[in-house]
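Quick note: the sequence shown uses the numbering used here, first residue 132, plus one each step. What follows is one structure encoded as structure tokens, with my remarks underneath.
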Amino acid sequence: MHPPGLRLRRLRERLGLSYRDVERASFQIALNRGRPDFILHISRLADMENNNVVPTLYKLFSLAAIYHLDPLELSAWYEAPFQQASREGASLPPPRTHLAEPFLPAPIPIHAEGSPDANVTSLLAHLPSAVGGSCTNASSPQGRFRYGYIGLSDRRMVPILRPGSIVMIDTSIHTIDDSAWSSEYDRPLYFVELREGYRCGWFYRSKSTLIMQPHTLSHCAPEMWRTPDEAELIGRVAGISTFFDASGAYGAEVRTERPYWNRRAL
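As structure tokens, this is what we get:
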């Protein structure tokens, strides 16, 4: 990865801009905004390009505007990825109830298989562009987290996990721990890949058998598979974004019938 100063210089040259052009444009921005802080003097711009001097927020704004860059992407060049601030903040909860920017806005389901079926639980091939301000590849092997979608017909974990929810999966956890919990809200949820699809919920292991225990209020029957032939653990659920009106969020009707009641779920 090239240093930010070199990337700025190459971008400026590619756009055919001189130092004087950039300075002149920044004067116009400062005039429009009523603050001299937006001005990019030639000496300061040279320091940014040649010595990797970090721009202030105002100058970062001017650079993004003049070079036609996403300011969130530009901030990441300086190892301050603002687009990940909400995600980072999810692990730093303040003591008081408050409003916050959405961590996972209502997405359009985009499945790994390429077929957008809102009724089916699956891994997401990638998050929508609205998340974090960029098209984040949720399935990147370099990332610790992946994201799963709970199908509108999947009621196995209602009311703990509602249909239409998005779950963040910590793929660094490869074992099931079904002992250290005191209530159903503390019991860990896991995301599992099967031959015919995916499951998300409570699991426990008995020798080579993996057993899913649905929530009792869902009226779904337990399921079991042989591991690793029939089921593979993807990871533990680290976060949930849920929607009370899943049909409205996804533009599809939630089935009024309960297809998994009183029979083994498929």
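We put the beta carbon where it would ideally sit given N, CA and C, even for glycine.
*Determine the contact status of Leu205 and Leu191, defining contact as a CB-CB distance below 8 Å.*
Against a cut-off of 8 Å, the Cβ pair of Leu191 and Leu205 comes out as a contact.
*Give the single residue among Pro353, Asp317, Ser314 and Ala249 whose Cα lies nearest to the Cα of Ser284.*
Checking every option, the nearest Cα to that of Ser284 belongs to Ala249.
*According to the neighbour-count rule (16 or more other Cβ atoms, all chains shown, within 10 Å of its Cβ), is Phe375 buried or exposed?*
Exposed is the call here.
*CA nearest to the CA of Tyr316, picked from Ser157, Ala177, Pro186 and Ile371*: The option with the nearest alpha carbon to Tyr316 is Ile371.
*Chain-order list of residues whose beta-carbon lies under 6 Å from that of Asp309 (same chain, five-residue window excluded)*: Correct list, in chain order: Tyr335.
*How is Ser271 classed by DSSP in three states: helix, strand or coil?*
Here the model assigns Ser271 a pLDDT of 44, short of 50, so the residue's position is not dependable, and the following value carries that caveat. DSSP places Ser271 in coil when its eight states are reduced to three.
*asked:* Whether or not the stretch 159-178 and the stretch 198-214 are in contact is what I'm after, with contact meaning three or more pairs of Cβ atoms, one per stretch, closer than 8 Å; do they touch?
replied: No: fewer than three Cβ pairs fall under 8 Å.
*With Ile300 and Val251 assumed to form a contact (beta carbons below 8 Å), what rounded beta-carbon distance in angstroms separates them?*
17 Å between Cβ atoms; not a contact.
*Check each candidate in Arg326, Cys331, Leu148 and His305 and name the one with the smallest Cα separation from Gly432.*
Outside the displayed span of the chain (132 to 397) sits residue 432, for which this structure offers no information.
*Write down the C-beta distance between Val289 and Leu194 rounded to the nearest angstrom, noting that I regard them as a contact closer than 8 Å.*
A Cβ-Cβ separation of about 49 Å leaves Val289 out of contact with Leu194 under the 8 Å criterion.
*Within its chain, find whatever has a CB closer than 7 Å to the CB of Met179; leave out the 5 residues flanking it on each side and keep chain order.*
Listed in chain order, the non-local C-beta contacts of Met179 below 7 Å within the same chain comprise Gly136, Leu139 and Pro186, local neighbours out to five positions each way being set aside.
*Are the CB atoms of Pro359 and Pro353 nearer to each other than 8 Å?*
No, Cβ-Cβ distance for Pro359 and Pro353 is not below 8 Å.
*Per DSSP, what kind of secondary structure is Ser349 in: helix, strand or coil?*
It is helical.
*asked:* Let me confirm a value: Gly366 is counted as buried when at least 16 other C-beta atoms fall within 10 Å, else exposed. Which label applies?
replied: Gly366 is buried by the Cβ-count criterion.
*With 16 as the cutoff for other CB atoms within 10 Å, does Gly279 come out buried or exposed?*
Buried.
*To the nearest angstrom, report how far apart Ile307 and Pro202 are at their CA atoms.*
Cα to Cα, Ile307 sits roughly 41 Å from Pro202.
*What are the boundary residues of the beta strand (DSSP E) that Ala249 is part of?*
Premise fails: Ala249 is in no beta strand (DSSP E) and is neither H nor E.
_Closest to Leu146 by C-alpha separation, out of His350, His199, Ser337 and Met343, would be which residue?_
That would be His199, whose Cα lies nearest to the Cα of Leu146.
*Looking only at C-alpha atoms, which of Trp333, His133 and Leu223 sits nearest to Ala207?*
Of the residues Trp333, His133 and Leu223, the one whose Cα lies closest to the Cα of Ala207 is His133.
*Among Val184, Leu325, Trp333 and Glu324, which residue has its Cα nearest to the Cα of Arg286?*
Out of Val184, Leu325, Trp333 and Glu324, Trp333 has the C-alpha closest to the C-alpha of Arg286.
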